[in-house]
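To keep things clear, I will list the structure first and then write my remarks on it.
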Amino acid sequence: MKTPVDIAVTGAAGQISYSLLFRLAAGDLLGPDQPIVLRLLEIPSAMEALKAIVMELNDCAFHLLHKIIITDNPKVAFDNVDYAFLVGARPRTHGMLRSDLLSQNAEIFIVQGQALNEVASRDVKVLVTGNPANTNAYLALNKAPDLAPECFAAMTMLDHTRAISQLAEKCGVPSRDVKNVMVWGNHSCMQYPDLHHARVKGQAALSLVDDQWFVNEYIPTIQHRGTEVIKARGQSSAASAANAIIRHMTTWIQGTEEGDWVSMAVPSDGSYGIEPGLIYSFPVTVSNGQYHIVKGLDLNAFSLERLKQNEVELIEERQAVRHLL
Ligand code: NAX
9 MKTPVDIAVT GAAGQISYSL LFRLAAGDLL GPDQPIVLRL LEIPSAMEAL KAIVMELNDC
69 AFHLLHKIII TDNPKVAFDN VDYAFLVGAR PRTHGMLRSD LLSQNAEIFI VQGQALNEVA
129 SRDVKVLVTG NPANTNAYLA LNKAPDLAPE CFAAMTMLDH TRAISQLAEK CGVPSRDVKN
189 VMVWGNHSCM QYPDLHHARV KGQAALSLVD DQWFVNEYIP TIQHRGTEVI KARGQSSAAS
249 AANAIIRHMT TWIQGTEEGD WVSMAVPSDG SYGIEPGLIY SFPVTVSNGQ YHIVKGLDLN
309 AFSLERLKQN EVELIEERQA VRHLL
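Throughout, the working numbering is defined as the position within the sequence shown, counted from one, plus 8.
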């Protein structure tokens, strides 16, 4: 039997984790012969709910689940972890200003960044899902100066898989026939799902759909998909988010398919004129466990304007929390 790998999940009693934890324990991330230790972080008021989830995990008798540790202390949760899923965040409540949401979440991710810096494996892969994901990742990264910035990413994989699925449906093909879709920018309603380089069974996507549909239906559908799910089920996306978390991390470990890429929000290196250091969603390829921003794509004025709008929004978010750094 291999040595168990430590995986941290924050917000472990929340609804995304209710899907995610069971998939991790079933081996969906690291495969059928890799035992894992789950280190689950929650706030004290959610501990009872978390204990019930631990009971359910135990009841499954997963072969790969070596041990479960529950805690409200980030340093215990992140101790020597190779993978950290930062899912837990404060939801926006009725009447809460966006600036309050930003600063309350900033406090969480600052503390967690510091703890990761102190105790996580030096090769840890940290995936931030909790919103506002890009800015939360920015804060955690900046509070972890002893970890490489490349240890961090924020999740736009759910936007990416939504972008694939909507195009596949429009073209009447299975999702696997869609390649090179990309989502730029912020995980917010500003995000830009871009089809200019996408291919469907090898053909340029924009030669198969009309421009009107792309601009007036496709882009807004992806941007507002989360809101539509909330309207329909009364709660935000959970199983699809957990699936995207697994897909993001397996891609980060195993690499991208030849000729394709995925979208990940990663520290900008200045590509496409985006301010270096911002956590911005780019098309990336992955090899040997490292992501690489896809360079040199031709972008027209329409795309460049949307990239810029996302950059401006992320700079504004950063401005709102800068005093906390
Ligand atoms: P829930 O509200 O169901 O769960 C969040 C959990 O986090 C709660 O159990 C809460 O007690 C816990 N928590 C709060 N502060 C914490 C702290 N300091 N340390 C540890 N745990 C803490 O939310 P859920 O539906 O699971 O969503 C989690 C986050 O993912 C939200 O911020 C949500 O907006 C975000 N999402 C991000 C997506 C993305 O693509 N990046 C898509 C899905 C999702 O909307």
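From the three backbone atoms N, C-alpha and C, an ideal C-beta is built for every residue, glycine too.
- Taken atom to atom, the span from the alpha-carbon of R241 to that of G234 is near 11 Å.
- Counting only unbroken stretches of 4 or more residues, the alpha helix (DSSP H) elements lying wholly within the stretch 246 to 322 are 247 to 262, in sequence order.
- By the C-beta criterion, the stretch 148 to 155 is judged to be in contact with the stretch 120 to 127, since at least 3 inter-stretch pairs fall below 8 Å.
- In the three-state DSSP reduction, I51 falls in the coil class, being neither helix nor strand.
- In the DSSP secondary-structure assignment, V186 is bridged to V208.
- Taking C-beta separations shorter than 6 Å and ignoring five residues to either side along the sequence, the partners of V136 in its chain run L94, N144, A145, A162, following chain order.
- Membership of L110 in the alpha helix (DSSP H) is indicated by the continuous run 106 to 127.
- Annotation: the continuous alpha helix (DSSP H) that includes T169 extends over 165 to 179.
- It is roughly 7 Å from the alpha-carbon of Q199 to the alpha-carbon of N318.
- Residue pairing by DSSP leaves G96 without any beta bridge partner.
- Looking at the backbone, the Cα of S183 and that of W269 are separated by about 14 Å.
- Taking 8 Å as the cut-off, the beta carbon of P157 is found closer than this to the beta carbon of P275.
- According to the DSSP assignment, F160 belongs to the beta strand (DSSP E) that extends over 160 to 162.
- Secondary structure note for T18: its beta strand (DSSP E) is the uninterrupted segment 13 to 18.
- Taking all protein chains in view, the Cβ of V294 is crowded by 16 or more other Cβ atoms within 10 Å, so the residue is classified as buried.
- In this structure, S279 is the residue among I287, E283, S279, Y299 with its C-alpha nearest to the C-alpha of D306.
- Remark: C-beta atoms of K75 and Q42 do not approach each other more closely than 8 Å.
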